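Student:
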Amino acid sequence: MDILHLVDRLEELINHSRSIPFTHNVIVDEDRMLDIIDQMRVAIPEEVKKSQQVLATKDRVIAQAKEEADRTVNIAKEKSDKLTNRDSIVQDARKKANQIESEADVKAKNTQAEADEYVAETLTNLEIALERVLNQVRNGIYILEEDNKFKLDSVKEEPEEKLKK
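Using our numbering, the letters of the sequence shown correspond one by one to residues 5 to 169.
What follows is the structure in structure tokens.
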């Protein structure tokens, strides 16, 4: 399940929970909240796996770009070697080979930069999603702790009231 969907469900659960008067606390259905948190624990490794796949894709793209650049450079060198055999065309051949080599290097660098940018964007989005999940989980824990304190205070006050009667 998509982690952002789970975050939305957790937020919806908290937003639709009954509030405790005169506090910022709410009473949350513990089973539903823990179920969503369990689903998040399952979904987060899936999100991490997706980011690892993105990194693997980046590595493949970079490797392919390097192979293509190497092939282009080799072709350029072969053409250069053939052309250097002729005295009248030597300068043109060197220029052409250098141009092809430069274009291949630029193309490889551009491909690598695009792959790096894509990976950085994907990892940034994953980081944002994970931070949202972490904040939601912390808020849920805080609410549960506050609710438990409230319940404990209520339980402590009840015996004192019975003793007074």
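Ideal Cβ positions, reconstructed from N, Cα and C, are used throughout, including at glycine. These numbers were taken from a predicted model, which means no experiment stands behind them.
1. Report yes if the C-beta distance between Val-141 and Leu-59 is below 8 Å; otherwise report no.
2. Going by DSSP, what residue range makes up the alpha helix (DSSP H) through Val-11?
3. Please report how far the alpha carbon of Arg-36 lies from the alpha carbon of Ala-47, in whole angstroms.
4. Taking DSSP's pairing of strands, which residues face Ser-23 in a bridge?
5. Across the region 146 to 161 and the region 23 to 42, are there enough close Cβ pairs to call them in contact, namely three or more that are closer than 8 Å?
6. Tell me which same chain residues have a C-beta within less than 8 Å of the C-beta of Ile-66, skipping the five on either side of it?
7. Would you report the Cα separation of Gln-103 and Leu-138, rounded to the nearest angstrom?
8. Compute the Euclidean distance between the alpha carbons of Lys-83 and Glu-107, then round it to the nearest angstrom.
Tutor: Taking the structure as given:
1. The sequence position of residue 141 within the sequence shown is 137, counting from 1. The sequence position of residue 59 within the sequence shown is 55, counting from 1. It is not a contact, given that the beta carbons lie outside the stated cut-off.
2. Here the question's residue 11 lines up with position 7 in the sequence shown. Going by DSSP, Val-11 is part of the alpha helix (DSSP H) stretching over 7 to 19.
3. If you number the sequence shown from 1, residue 36 lands on position 32. If you number the sequence shown from 1, residue 47 lands on position 43. About 16 Å.
4. Residue 23 sits at position 19 when you count from the first residue of the sequence shown. Val-30.
5. The answer is yes - the region 23 to 42 touches the region 146 to 161, with three or more Cβ pairs under 8 Å.
6. The residue labelled residue 66 in the question sits at position 62 within the sequence shown. The beta carbon of Ile-66 sits closer than 8 Å to those of Thr-115, Gln-116, Ala-119, all from its chain and outside the five residues before and after it, given in chain order.
7. If you number the sequence shown from 1, residue 103 lands on position 99. If you number the sequence shown from 1, residue 138 lands on position 134. Their Cα atoms are separated by approximately 52 Å.
8. Taking the sequence shown and counting its residues from 1, the one referred to as residue 83 is at position 79. Taking the sequence shown and counting its residues from 1, the one referred to as residue 107 is at position 103. Each residue's alpha carbon lies about 15 Å from the other.
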